[in-house]
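K.L.:
I have a structure here, written as structure tokens, and I will follow up with some questions on it.
Written as structure tokens, this is what we have:
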């Protein structure tokens with residue numbers, strides 16, 4: 088079994104362990120819906136990226152279907 092040749096000092100050990108910390112993600116606000124998003128990612132709430140809709144969100148589809156059903160029932 089391997090044995091260390093020299094004792095690892097406290098400062099060396101602490102500086103090595105300091106790299107193990109967790110970093111919280113940097114968040115930006117979506118310009119369309121103001122939801123917190125990661126930079127350079129499409130918004131998961133509204134599906135927009137750089138002012139264009141790139142992802143069709145299922146929640147919006149459901150809302151549109153509900154509105155259509157309400158219009159059919161009332162109209």
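In this note's numbering, the protein residues as written are 88 to 162.
Ideal Cβ positions, reconstructed from N, Cα and C, are used throughout, including at glycine.
(1) For the alpha helix (DSSP H) that contains residue 95, what are its first and last residues?
(2) Three-state secondary structure (DSSP) at residue 119?
(3) Specify, as a first and last residue, the run of the alpha helix (DSSP H) that residue 147 falls within.
(4) Excluding the 5 residues flanking residue 141 on each side, which residues of the same chain have their C-beta closer than 6 Å to its C-beta?
P.N.:
Based on what the coordinates show:
(1) Taking the first residue of the chain shown as 1, we reach residue 95 at position 8. Segment: none, residue 95 is in no alpha helix (DSSP H) and carries neither H nor E.
(2) For the purposes of this step, residue 119 is taken as the residue at position 32 of the chain shown. Of the three classes helix, strand and coil, the one that applies to residue 119 here is coil, per DSSP.
(3) In the chain shown, counting from the first residue as 1, residue 147 sits at position 60. Residues 145–161.
(4) The residue you call residue 141 lines up with position 54 of the chain shown. 129.
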